[in-house]
């Protein structure tokens, strides 16, 4: 991982963006203390890559919000047996 101070990052932003685009994370420091990380954006999964490429060429139009998580929620603990145990028991 590359480490860079804020001043150098501002002066050579394109260079560090190329590193991140190439898969190299960059640790950003302010006065020697880590404050942020520049990491590559994950691409679309292999199953939908073709669809995204067609959208980029204008062959198809994706729905609003495509690529964003469908739900943003926290898992909650529910008392009792796990549903998976019930399903497995039912299959026997």
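In our numbering, the protein residues as written are 11 to 102. Backbone N, C-alpha and C fix where the C-beta goes; we use that ideal spot for every residue, glycine too.
Residue i lies in the alpha helix (DSSP H); which residues open and close that run?
i: residue 64; result: 59–66
i: residue 55; result: Note, residue 55: premise wrong, no alpha helix (DSSP H); not H, not E.
i: residue 97; result: 93–101
i: residue 29; result: 23–31
Count the other CB atoms within 10 Å of the CB of residue i; is the residue buried (16 or more) or exposed (fewer)?
i: residue 14; result: buried
i: residue 97; result: exposed
i: residue 36; result: buried
i: residue 72; result: exposed
i: residue 48; result: buried
Rounding to the nearest angstrom, what Cα-Cα distance links residue i and residue j in this structure?
i: residue 43; j: residue 99; result: 54 Å
i: residue 57; j: residue 33; result: 21 Å
i: residue 55; j: residue 26; result: 25 Å
i: residue 17; j: residue 31; result: 21 Å
i: residue 102; j: residue 92; result: 16 Å
i: residue 50; j: residue 23; result: 14 Å
i: residue 90; j: residue 29; result: 49 Å
The beta strand (DSSP E) that contains residue i, what's its start and end?
i: residue 36; result: 36–40
i: residue 48; result: 43–48
i: residue 14; result: 12–15
Going by beta carbon distance, what residues of the same chain come within less than 6 Å of residue i, once the five residues before and after it are set aside?
i: residue 11; result: 35 and 37
i: residue 65; result: 72
Spatial neighbours of residue i within its chain, please: C-beta separation below 8 Å, excluding the five flanking residues on both sides.
i: residue 39; result: 13, 14, 15, 16 and 45
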